[in-house]
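Adding 125 to a residue's 1-based position in the sequence shown gives its number in our numbering. Some notes on the structure that comes next.
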Amino acid sequence: MSYSKIENALKTVLPDAVYKVQAPETTDDGEPLLRYLVWTPTGDRYAYANSRPFATIYQAVVTVATQTEDDTLPAEVSKALADAHIAMQMPEHSYDVETATYYTDIPCEVI
């Protein structure tokens, strides 16, 4: 299933604002992009049994971006990933003063 499982889970939360690697600065109609999700592949690793690889585990980071403090979007994304049985690590939060954007990075893995 690989990375498509991550993208499909994200589209259940914000269907028109899911991007791979980088989001545009504006929407198709020229409006500023205020809430969006970006998923970025970061690599893969293998699970072994009897000294042989039997599964590829794909790693990615999901970035949740919003310009609203205390937005529920990061929690909604975490729930969607969990509902899709996607393993996650603890999210990291940051704020960009120049763009007035709150970011939540969620490392995750999918088989």
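The C-beta atom is built at its ideal place from N, Cα and C for all residues, glycine as well.
Residue environment, residue i, which counts as buried when at least 16 other CB atoms sit within 10 Å
i: Ser129; result: exposed
Run of the alpha helix (DSSP H) containing residue i, from where it starts to where it stops
i: Leu271; result: Past the boundaries of the shown model lies residue 271; the chain is included only from 126 to 236, so the question cannot be answered.
Any C-beta of chain B under 9 Å from that of residue i
i: Asp221; result: In the structure shown, chain B cannot be found, because there is only a single protein chain.
8 Å contact criterion, which residue i and residue j should meet: CB distance rounded
i: Val187; j: Cys233; result: 6 Å
i: Asp230; j: Pro216; result: 6 Å
Run of the beta strand (DSSP E) containing residue i, from where it starts to where it stops
i: Ser219; result: 217-221
i: Glu234; result: 226-235
### Task
Check whether the segment 213-225 touches the segment 161-181, taking contact to mean three or more Cβ pairs, one atom from each stretch, closer than 8 Å.
In short, these stretches do not touch, since the Cβ pair count stays below three.
### Query
Any contact of the segment 163-173 with the segment 195-206, i.e. 3+ C-beta pairs under 8 Å?
no
### Task
Taking 8 Å as the threshold, find out whether the segment 204-212 comes into contact with the segment 145-153 through three or more Cβ pairs.
no
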